[in-house]
Amino acid sequence: NAGVMQNPRHLVRRRGQEARLRCSPMKGHSHVYWYRQLPEEGLKFMVYLQKENIIDESGMPKERFSAEFPKEGPSILRIQQVVRGDSAAYFCASSPAGRQGNQPQHFGDGTRLSIL
Amino acid sequence: DAKTTQPPSMDCAEGRAANLPCNHSTISGNEYVYWYRQIHSQGPQYIIHGLKNNETNEMASLIITEDRKSSTLILPHATLRDTAVYYCIVRVEGNNRLAFGKGNQVVVIP
């Protein structure tokens with residue numbers, strides 16, 4: 005049973021370019037979460053999506069960041085006009101439908117974004 | 006979500022049980038206790054969670070005190086591969102996010 009798949013594992017971009025991070029949830033999971041981990045810090049929640057809907061984006065920076073989870077295909081976290089401060093590990097998690105307090109989130113191994 | 010307090014680090018002997026404490030004195034009745042761990046450069050790995058009762062699975066046991074103000078994660082036979090940062094997280098029913106603190110850096114020593 006495949007786990008949460010993220011790609012690419014490593015992504016290098018120059019300042020001003022766009023970064024696209026992909027996440028395929030576990031089979032049967034319809035809820036996707038994105039977290040960011042800055043160097044030497046803990047994970048911080050960014051956004052929670054269900055198919056075709058953003059449910060909670062309270063942790064997303066107001067500008068340059070967007071996320072989607074289309075009806076078909078993986079969830080995408082998009083960062084426009086990247087800056088050095090965007091360098092971090094970005095983790096995706098998924099969970100099945102149901103009462104979310106009682107549903108564990110399962111994480112992928114992340115995308116490590118480096119900005120030159 | 007209620008705040009949790011963990012020791013910043015601890016050492017455990019290989020082959021022995023590892024008891025990882027967590028305080029969550031402000032926990033509410035509808036908040037679950039979750040445990041994750043993160044091995045260097047990997048994503049967080051779900052270990053176990055519980056509400057009131059003690060829980061056990063193939064990885065660990067979770068002991069929650071009767072007043073629910075603290076809990077202990079028990080790794081029954083620690084191995085070197087259990088070296089990781091362990092996070093105790095309290096999550097309210099219906100809340101989407103997991104609030105990761107600094108965690109407990111556990112090192113299993115041969």
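Each protein sequence line maps, in turn, to chains A and B.
Under this note's numbering, the residues of the first sequence are numbered 5 to 120, in order.
Under this note's numbering, the residues of the second sequence are numbered 6 to 115, in order.
Each residue gets a CB set at the ideal place from its N, CA and C atoms; glycine is no exception.
Model, not experiment: these values are computed from the prediction.
Exercise. When the distance is taken between beta carbons, is ARG26 (chain A) closer than 8 angstroms to PRO78 (chain A)?
Worked result: A distance below 8 angstroms separates the beta carbons of PRO78 (chain A) and ARG26 (chain A).
For this session: Check whether the Cβ of HIS54 (chain B) lies closer than 8 angstroms to any Cβ atom in chain A.
Result: Any Cβ of chain A closer than 8 angstroms to the Cβ of HIS54 (chain B) would place that residue at the interface, and such an atom is present.
Exercise. Excluding the five sequence neighbours on either side, which residues of its own chain have a C-beta within less than 6 angstroms of the C-beta of ASP60 (chain A), listed in chain order?
Worked result: Cβ within range, chain order: TYR52.
For this session: Taking only beta-carbon positions, decide if GLN110 (chain B) is within less than 8 angstroms of chain A.
Result: It does not; no Cβ of chain A falls within 8 angstroms.
Exercise. Considering only C-alpha positions, which residue in the set A:GLU56, A:PHE95 and A:HIS110 is nearest to TYR39 (chain B)?
Worked result: Considering only alpha carbons, the answer is A:HIS110.
Exercise. Is CYS27 (chain B) closer than 8 angstroms to VAL111 (chain B) when the C-beta atoms are compared?
Worked result: Contact: no.
Problem set entry | Extent of the continuous beta strand (DSSP E) to which ASN109 (chain B) belongs | DSSP places ASN109 (chain B) in the uninterrupted beta strand (DSSP E) bounded by 109 to 114.
For this session: Just mark ASN59 (chain B) as buried or exposed, buried being the case when its beta carbon has 16 or more other beta carbons within 10 Å.
Result: By the 10 Å Cβ count, ASN59 (chain B) comes out exposed.
Exercise. Under a three-way DSSP split, which group does LEU85 (chain B) fall into?
Worked result: Helix at LEU85 (chain B).
Exercise. Is the shortest distance between the beta-carbon of ASN101 (chain B) and the beta-carbons of chain A less than 8 angstroms?
Worked result: Chain A contact via Cβ: present.
Problem set entry | GLY32 (chain A) to SER62 (chain A) span [Cα, whole Å] | Those two C-alpha atoms are separated by around 26 angstroms.
Exercise. Which whole runs of the beta strand (DSSP E) in the stretch 52 to 120 of chain A are 3 residues long or more, in chain order?
Worked result: Counting only runs that start and end inside the stretch 52 to 120 of chain A, the beta strand (DSSP E) elements of at least 3 residues fall at 57 to 60, 69 to 72, 79 to 83, 92 to 99 and 115 to 119.
Exercise. By the 10 Å Cβ neighbour count, where 16 or more other Cβ atoms means buried, how is ARG86 (chain B) classified, buried or exposed?
Worked result: The residue in question, ARG86 (chain B), is exposed, as its Cβ has fewer than 16 Cβ neighbours within 10 Å.
For this session: Taking only beta carbons into account, state which residues of the stretch 45 to 74 of chain A come closer than 8 angstroms to chain B, listed in chain order.
Result: So the list reads GLY46, LEU47, LYS48, PHE49, TYR52, ILE59, ASP60 and GLY63, given in the order they occur along the chain.
Exercise. Going straight from the alpha carbon of SER33 (chain B) to that of VAL95 (chain B), what length do you get?
Worked result: Whole-angstrom Cα-Cα distance: 9 angstroms.
Exercise. Taking 8 angstroms as the CB-CB cut-off, is LYS57 (chain B) touching chain A?
Worked result: Residue-level contact by beta carbon fails for LYS57 (chain B) and chain A, as no gap is shorter than 8 angstroms.
Exercise. Is ARG21 (chain B) closer than 8 angstroms to ALA83 (chain B) when the C-beta atoms are compared?
Worked result: Against a cut-off of 8 angstroms, the Cβ pair of ARG21 (chain B) and ALA83 (chain B) comes out as a contact.
For this session: Enumerate in chain order the residues of its own chain whose CB-to-CB distance from GLU76 (chain A) is below 6 angstroms, with the five nearest sequence positions on each side excluded.
Result: Once the five neighbours on either side are set aside, GLU76 (chain A) has no close Cβ partner at all.
Problem set entry | Burial state of HIS45 (chain B), where buried means 16 or more other Cβ atoms lie within 10 Å | It counts as exposed.
Exercise. Leaving out five residues before and five after THR10 (chain B) in sequence, what residues of the same chain have Cβ atoms less than 6 angstroms from its Cβ?
Worked result: Residues ASN28 of the same chain have their beta carbon placed closer than 6 angstroms to that of THR10 (chain B), with the five preceding and five following residues left out of the count.
Exercise. Skipping 5 residues on each side, what residues in its chain have a beta carbon closer than 7 angstroms to that of LEU25 (chain B)?
Worked result: The residues are THR77, LEU78, TYR91, ASN109 and VAL111.
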